[in-house]
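Presented below is the structure to which this report refers.
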Amino acid sequence: MRISDVSKRSRVPATTLRYYESVGLIAPGRSSNGYRDYDADVLARLDLIESSKELGLPLEDIGRHLRVLETTSCTDVRDALRPLLAERVRQLDEKRARLDELRSRLERADHDLAACPDRADLCATECAFQPRDRDGAA
22 MRISDVSKRS RVPATTLRYY ESVGLIAPGR SSNGYRDYDA DVLARLDLIE SSKELGLPLE
82 DIGRHLRVLE TTSCTDVRDA LRPLLAERVR QLDEKRARLD ELRSRLERAD HDLAACPDRA
142 DLCATECAFQ PRDRDGAA
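All residue numbers for the sequence shown refer to this note's numbering, where the first residue is 22 and numbers rise by one.
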């Protein structure tokens, strides 16, 4: 298949396919006229790449995983992939904690602003956002 066919069938832009080739994720052959020539297996490989990206895995990790898939047993694939997924879960938990803290701060700020007096005078410090202290409290 030519790159335009692969792009259409996989819904992966041709520019992305060229990038994947440059970083070693896919490896097309070349036809006699020099065009990229992909076999049908590339579509399954692209599905795996896109699924891995949806899980938040970086391309470097995806490349390592693809190499493991091509060279080792199912047991080795499982043992190589599980730590990657566990690390991704840890990163998401950390991000969730940061987002929960931000949400709490926004809710406190909204509460404090709602309590500001309705007056024509210049705004006083009670209406300003309160900084967190070193322990994380406002």
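Even glycine gets a Cβ: it sits at the ideal position worked out from N, Cα and C.
Margin query: What residue range does the alpha helix (DSSP H) around D62 cover?
Written below: D62 -> alpha helix (DSSP H) spans 62 to 75.
Next item on the list: Have a look at R111 and P79 and give me their C-alpha separation to the nearest angstrom.
Entry: So the two alpha carbons sit approximately 15 Å from each other.
Check: When you compare each of D26, M22, P34 to Y59 by their alpha carbons, which one comes out closest?
Finding: Out of D26, M22, P34, M22 has the C-alpha closest to the C-alpha of Y59.
Margin query: Whole angstroms are fine: how far does the CA of G45 sit from the CA of R85?
Written below: Roughly 10 Å separates the two Cα atoms.
Item checked: Bridge-paired residues (DSSP) for R119 -> DSSP, once it has assigned bridges, lists no residue as partnering R119.
Note to self: Please classify L38 as buried or exposed, where buried requires at least 16 neighbouring CB atoms within 10 angstroms.
What the structure shows: L38 should be labelled buried.
Note to self: Could you give the first and the last residue of the continuous alpha helix (DSSP H) run that contains S28?
What the structure shows: According to the DSSP assignment, S28 belongs to the alpha helix (DSSP H) that extends over 24 to 31.
Next item on the list: Evaluate R51 with the Cβ neighbour count: other Cβ atoms within 10 Å of its Cβ, from every protein chain shown; 16 or more gives buried, anything less gives exposed.
Entry: Burial state of R51 is exposed, judged by a 10 Å Cβ sphere holding fewer than 16 other Cβ atoms.
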